[in-house]
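Working notes, beginning with the structure itself.
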Ligand code: ATP
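In my numbering, the protein residues as written are 30 to 333.
In structure tokens, the structure reads:
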């Protein structure tokens, strides 16, 4: 008999709007964070083991910690503690979401590990408790669990689902190496200096464009307050954004804290052509065409 195991598929995210408030006393920033889950996935497989162990394969796997600092390991430990059991499980992460790429790869793995362990252990944690555990693990983790599209307030963890019509076509330009999210926030604060920062608010025009499935209108509304900071730390991203604009993208922006750049297009054909043009132009490591919204963490196989 094969070893019992549970595999969960979990998507990456792009922030179609990321409005960042001033720094709070606790060091975090209040956000208005419009998340869209997109079809680039990590897979996390949970198998019974004598101790909590992690393995990871795929692009950038060498930069993923395999100790207790891995977000998937932290998720398994938190769930086990909540149920008064030992976190004895092996978690294998098949990475496709770029590591430190501004697409919430670590958060995605945490959400997937929670769901996989809950299924493997038969702990049947109610959905609202799972989401509370997600919020304990990190600001982006609840969204990785729910997927679709959502507005995140607070640090991004207080979610309101957003209605979306149809599908948007995206191209993601992947960069060599990552950017540290805390470093990008620090640079954002530094660039702003003493300027007053308005309360972060989701733009009504952006929410309407999502609701209506209107890519052209969405393109005029996408915005990322972290983009100047990401460009300051990684000036070469300006070349990637310029290449996407030249190749006909409806809009281009840095994804979250970067360095991945996201381009909105008007359909699957334009997306494939844009991805080819970006790769040929040599301003990125690779380019991937995909769509969103897609569902959040989903159990694929369960042999428990
Ligand atoms: P976000 O978009 O949420 O700001 P990110 O996509 O830029 O995050 P991650 O891929 O989540 O960045 O990785 C950030 C850091 O977290 C990595 O450099 C790595 O050291 C650490 N990390 C811990 N667990 C994981 C994991 N399972 N996958 C990737 N990185 C992890």
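Virtual Cβ for every residue (Gly too), placed ideally from N, Cα, C.
None of the values given here were measured: they were computed from a predicted structure.
{"Item": "Beta-carbon spacing of residue 163, residue 140 below 8 angstroms", "Value": "yes"}
{"Item": "Per DSSP, the bridge partner or partners of residue 44", "Value": "64"}
{"Item": "Outcome for residue 116 when other beta-carbon atoms lying within 10 angstroms are tallied against a minimum of 16", "Value": "buried"}
{"Item": "Inter-residue Cα distance where the pair is residue 292 and residue 207", "Value": "19 angstroms"}
{"Item": "Given residue 307 as reference, the closest of 274, 169, 322, 328 once Cα atoms are compared", "Value": "274"}
{"Item": "Short Cβ contact (8 angstroms threshold) for residue 60 with residue 184", "Value": "yes"}
{"Item": "Host beta strand (DSSP E) of residue 312 (start-end)", "Value": "Residue 312 -> no beta strand (DSSP E), and no H or E assigned at all."}
{"Item": "Run of the beta strand (DSSP E) containing residue 260, from where it starts to where it stops", "Value": "Here residue 260 belongs to no beta strand (DSSP E); instead the alpha helix (DSSP H) covers 256-262."}
{"Item": "Segment contact flag, the stretch 315-324 with the stretch 196-204, C-beta cutoff 8 angstroms, min 3 pairs", "Value": "yes"}
{"Item": "Short CB-CB distance (under 8 angstroms) between residue 67 and chain C", "Value": "Within the model displayed, chain C is absent; a lone protein chain is all it includes."}
{"Item": "Proximity test, residue 74 beta-carbon vs the ligand ATP heavy atom, cut-off 7 angstroms", "Value": "no"}
{"Item": "DSSP-derived helix/strand/coil call for residue 276", "Value": "coil"}
{"Item": "Residue range of the unbroken alpha helix (DSSP H) whose run includes residue 211", "Value": "210-221"}
{"Item": "Coarse secondary structure for residue 84, derived from DSSP in three states", "Value": "strand"}
{"Item": "Residue 294: first and last residue of the uninterrupted beta strand (DSSP E) it sits in", "Value": "290-294"}
{"Item": "Among 68, 231, 161, 224, nearest to residue 180 - alpha-carbon criterion", "Value": "231"}
{"Item": "Through-space distance from residue 258 to residue 220, alpha-carbon basis", "Value": "7 angstroms"}
{"Item": "Which listed residue (93, 286, 160, 175) has its alpha carbon closest to that of residue 135", "Value": "93"}
{"Item": "Where residue 179 sits in the DSSP three-state scheme", "Value": "strand"}
{"Item": "Proximity to residue 153 [Cα-Cα], best of 282, 109, 76, 285", "Value": "109"}
{"Item": "Cβ contact check for the stretch 39-53 and the stretch 65-73: 3 or more pairs under 8 angstroms", "Value": "yes"}
{"Item": "N-terminal and C-terminal residue of the beta strand (DSSP E) that residue 202 is part of", "Value": "197-203"}
{"Item": "Three-way DSSP call (helix, strand, coil) for residue 95 in this model", "Value": "coil"}
{"Item": "Minimum C-alpha distance to residue 205 - residue among 190, 148, 131", "Value": "131"}
{"Item": "Distance cut-off 7 angstroms: residue 69 Cβ against heavy atoms of the ligand ATP", "Value": "no"}
{"Item": "Neighbourhood of residue 186 by C-beta distance below 7 angstroms, restricted to the same chain and skipping five residues each side", "Value": "164, 168, 171"}
{"Item": "Heavy atom of the ligand ATP within 7 angstroms of residue 174 beta-carbon", "Value": "no"}
{"Item": "Any non-hydrogen atom of the ligand ATP closer than 7 angstroms to residue 94 Cβ", "Value": "yes"}
{"Item": "Whole-number beta carbon distance between residue 241 and residue 299, since they are thought to touch under 8 angstroms", "Value": "The Cβ separation is near 19 angstroms, so there is no contact."}
{"Item": "Cβ-heavy atom distance, residue 100 to the ligand ATP, below 7 angstroms", "Value": "yes"}
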